[in-house]
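Notes to accompany the following structure.
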Amino acid sequence: QQQVKQSPQSLIVQKGGISIINCAYENTAFDYFPWYQQFPGKGPALLIAIRPDVSEKKEGRFTISFNKSAKQFSLHIMDSQPGDSATYFCAASDRDDKIIFGKGTRLHILP
Amino acid sequence: NAGVTQTPKFQVLKTGQSMTLQCAQDMNHEYMSWYRQDPGMGLRLIHYSVGAGITDQGEVPNGYNVSRSTTEDFPLRLLSAAPSQTSVYFCASTRGGQGANYGYTFGSGTRLTVV
Chain A
9 QQQVKQSPQS
19 LIVQKGGISI
29 INCAYENTAF
39 DYFPWYQQFP
49 GKGPALLIAI
59 RPDVSEKKEG
69 RFTISFNKSA
79 KQFSLHIMDS
89 QPGDSATYFC
99 AASDRDDKII
109 FGKGTRLHIL
119 P
Chain B
7 NAGVTQTPKF
17 QVLKTGQSMT
27 LQCAQDMNHE
37 YMSWYRQDPG
47 MGLRLIHYSV
57 GAGITDQGEV
67 PNGYNVSRST
77 TEDFPLRLLS
87 AAPSQTSVYF
97 CASTRGGQGA
107 NYGYTFGSGT
117 RLTVV
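Top to bottom, those sequences are chains A and B.
Count along the first sequence starting at 1, add 8, and that's the number in the numbering used here.
Count along the second sequence starting at 1, add 6, and that's the number in the numbering used here.
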């Protein structure tokens, strides 16, 4: 049972465009929704996170939109840059802090 | 601060061999986890620990053992390596605690090949 479904698997965006990655979850006990960024040969690194009591969180060019009723959340990268090319993972955790990851999205920004 | 340190970075094993992947953190984090990363499969939780002496199974625990004798160390043991265990293994830690939901810090990974 895949508890966190992520789409698309891969994404190509022109420099300066908006990159959008979507995730859906099933477990209503999840109460923390982080996004991780991973560059080749490196471990994932926390990018931005949200709790279900807010509908949006913005940090620089990165925004999480959260829809609790639909059990969906998404990552928006504004003004996408070649340096944003990486694999992005959405995730969810419950009060035990055990994190379940989506399968990842490989993002490529065209220069 | 070293963060999360994993050793070795690369390893080749023969089928049936055993080995231990080492993980150490110097941030006094309570929670530690082991993940494996395979193409198209994302990060799958193998085992995790919420403190010294406490461990539990994740999504894919078969063929792996863990123990947590200290807060700093969380080794992962492969009992009898199989080709299906060829993967990149990541150790991660977080301050955690009663659903505080702090972000995980990941190590740089161990790339394991079983032939």
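Beta carbons are placed, not taken as given, at the ideal position from N, Cα and C, and that holds for glycine.
Looking only at DSSP bridge pairs, what is residue i linked to?
{"i": "H84 (chain A)", "result": "A:I28 and A:T71"}
{"i": "E64 (chain A)", "result": "A:S73"}
{"i": "H116 (chain A)", "result": "A:I20"}
{"i": "T77 (chain B)", "result": "None, per the DSSP bridge assignment."}
{"i": "G57 (chain B)", "result": "B:I60"}
{"i": "S15 (chain A)", "result": "A:N30"}
{"i": "Q23 (chain B)", "result": "Paired residues: none, contrary to the question."}
{"i": "P45 (chain B)", "result": "Looking at the DSSP assignment, P45 (chain B) forms no beta bridge with any residue, so it has no partner."}
{"i": "Y40 (chain A)", "result": "A:S101"}
{"i": "S93 (chain B)", "result": "B:L118"}
Around the C-beta of residue i, are 16 or more other C-beta atoms found within 10 angstroms, so that it is buried, or is it exposed?
{"i": "I29 (chain A)", "result": "buried"}
{"i": "K66 (chain A)", "result": "exposed"}
{"i": "L85 (chain B)", "result": "exposed"}
{"i": "S26 (chain A)", "result": "What sits at residue 26 (chain A) in the sequence shown is Ile, not Ser. Exposed is the call here."}
{"i": "M38 (chain B)", "result": "buried"}
{"i": "T13 (chain B)", "result": "exposed"}
{"i": "R59 (chain A)", "result": "exposed"}
{"i": "Q63 (chain B)", "result": "exposed"}
{"i": "S90 (chain B)", "result": "exposed"}
{"i": "A100 (chain A)", "result": "buried"}
{"i": "F38 (chain A)", "result": "buried"}
{"i": "F16 (chain B)", "result": "exposed"}
{"i": "S103 (chain A)", "result": "Strictly speaking, residue 103 (chain A) in this sequence is Arg, with Ser absent from that position. With fewer than 16 other Cβ atoms within 10 Å, it is exposed."}
{"i": "T3 (chain A)", "result": "For chain A, the structure presents residues 9 to 119; residue 3 (chain A) sits outside this window and is missing."}
Report the neighbours of residue i on chain B: residues whose CB is nearer than 7 Å to its CB, in chain order.
{"i": "P42 (chain A)", "result": "G109"}
Can you list, in chain order, the residues of its chain with a C-beta nearer than 6 Å to that of residue i? Leave out the 5 residues immediately preceding and following it.
{"i": "W40 (chain B)", "result": "I52, H53, L82 and C97"}
{"i": "F47 (chain A)", "result": "A94"}
{"i": "E65 (chain B)", "result": "R50 and L51"}
{"i": "S18 (chain A)", "result": "R114"}
{"i": "S63 (chain A)", "result": "F74"}
{"i": "F41 (chain A)", "result": "I58, F81 and A100"}
{"i": "T77 (chain B)", "result": "A58"}
{"i": "D79 (chain B)", "result": "A30"}
Just to make sure I have the definition right: I need the residues of chain A whose C-beta is within less than 9 Å of the C-beta of residue i. Which are they?
{"i": "T100 (chain B)", "result": "D105 and I107"}
{"i": "G113 (chain B)", "result": "G51"}
{"i": "F96 (chain B)", "result": "G51 and P52"}
Residue i versus chain B: which residues are under 9 Å apart at the beta carbon?
{"i": "F81 (chain A)", "result": "The premise fails here: F81 (chain A) is roughly 14 Å from chain B at the closest Cβ pair, so nothing lies under 9 Å."}
Counting only the same chain and skipping the five closest in sequence on each side, list residues whose C-beta sits under 8 Å from that of residue i.
{"i": "G109 (chain B)", "result": "T100"}
{"i": "M111 (chain B)", "result": "For the record, residue 111 (chain B) in the displayed sequence is Thr; it is not Met. These residues qualify, in order along the chain: G9, V10, Q31, M33, H35, A98, S99 and T100."}
{"i": "G110 (chain A)", "result": "V12, K13, Q14, C31, F97, C98 and A99"}
{"i": "Q23 (chain A)", "result": "It is Lys, not Gln, that sits at residue 23 (chain A) in the sequence shown. Counting only Cβ-Cβ distances below 8 Å, and skipping sequence neighbours, we find S88, Q89, P90, I117, L118 and P119."}
{"i": "P67 (chain B)", "result": "I52 and H53"}
Starting from the beta carbon of residue i, find every residue of chain E whose beta carbon is closer than 7 Å, and list them in chain order.
{"i": "F97 (chain A)", "result": "Reference to chain E is not applicable here, since the protein chains of this structure are A and B."}
Tell me which residues share the same chain as residue i and place their Cβ nearer than 7 Å to its Cβ, disregarding the 5 neighbours each side in the sequence.
{"i": "S120 (chain B)", "result": "Here the sequence assigns Val to residue 120 (chain B), which means Ser is not the residue at that position. Closer than 7 Å at the Cβ level, and outside the excluded window around V120 (chain B), lie L19, T21, A87, A88, P89, Q91 and T92."}
The segment 99-112 of chain A: which residues have C-beta closer than 9 Å to a C-beta of chain B, in chain order?
-> For the segment 99-112 of chain A, which is checked against every Cβ of chain B, the residues closer than 9 Å are A99, S101, D102, R103, D104, D105, K106, I107, I108, F109, G110, K111 and G112.
Output, in sequence order along the chain, the residues in the segment 25-58 of chain B whose CB is closer than 8 Å to any CB in chain A.
-> Residues Y37, S39, Y41, G46, M47, G48, L49, R50, L51, Y54 and V56.
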